[in-house]
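Below is one structure, written out as structure tokens, with a few remarks after it.
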Amino acid sequence: MTAGNTANPYLRRVDTDALAATGAGERFSQNLIGQATGAQSCHVDWIRTPAGGGSPAGLHVHEVDQVFWVLQGTMSIEVDGQEFDAPAGSLVVFPAGVPHRNWNAGSEPTVHLAVNTPAPDPAVPFARTVG
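Each residue of the sequence shown is one higher than the one before, starting from 1 at the first, in full-length UniProt numbering.
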């Protein structure tokens, strides 16, 4: 299955071929919705984080709100100096400008959808490292 489907622009699927090619020990991220697909108000990524992996930018902030829906595993998060565990089924909210990070302290990969709204400005760096 591929991310895009030119016959149906309203349906997005995880690129399972690219996912399988990365291996379970690697981070995988696929943009499902964003400016490249015609969306103007939000950006959605499907992300798998291997055990021991985490936010590539470490503790950081965004200019936009970010929401994670944890689909698999338990994600560890830090938001504004507080740490939490977010098991599958959790909705994690990172307000714009609030320092945060996520990591996988477990032994199995985590999978989550990352929703950013409004859509990030492509001319501005997405994450700004803090601390």
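Using N, Cα and C, we set each Cβ at its ideal position, and we do this for glycine too.
Is the CB-CB distance between residue i and residue j below 9 angstroms?
i: H43; j: R128; result: no
i: F68; j: A39; result: no
i: Q66; j: V93; result: yes
i: A36; j: R101; result: no
i: V79; j: V111; result: no
Between the C-alpha atoms of residue i and residue j, what's the straight-line distance to the nearest angstrom?
i: S55; j: Q82; result: 16 angstroms
i: L11; j: P118; result: 21 angstroms
i: G52; j: W46; result: 18 angstroms
i: V130; j: S41; result: 26 angstroms
i: G89; j: N104; result: 15 angstroms
i: V124; j: E108; result: 33 angstroms
i: G97; j: F84; result: 19 angstroms
i: L113; j: S76; result: 15 angstroms
Within its chain, find whatever has a CB closer than 6 angstroms to the CB of residue i; leave out the 5 residues flanking it on each side and keep chain order.
i: F28; result: L19, T22 and R48
How would you write the range of the alpha helix (DSSP H) that residue i sits in, first residue to last?
i: L19; result: T16 to T22
Locate the beta strand (DSSP E) running through residue i, then write down its first and last residues.
i: Q30; result: F28 to I33
i: V44; result: H43 to T49
For the ligand ATP, is there any heavy atom lying closer than 8 angstroms to the beta carbon of residue i?
i: W103; result: This structure does not include the ligand ATP; it has no bound ligands of any sort.
So, for residue i: in the same chain, excluding its five sequence neighbours on each side, which residues have a beta-carbon less than 7 angstroms away from its beta-carbon?
i: G106; result: A51, G73 and T74
i: E26; result: P50
i: P95; result: D65
i: P122; result: Q35
Leaving out the 5 sequence neighbours to the left and right, which residues in its chain are closer than 8 angstroms to residue i when beta-carbon positions are compared?
i: I33; result: R12, A39, C42, H43 and V44
i: H60; result: P99, H100, R101, A127, R128, T129 and V130
i: P9; result: T37 and G38
i: P120; result: H43, H62, E63, V64 and F126
Residue ranges of each beta strand (DSSP E) within the UniProt domain "Cupin type-2" (52-115), 3 or longer: 65-72, 74-79, 82-87, 91-94 and 100-103
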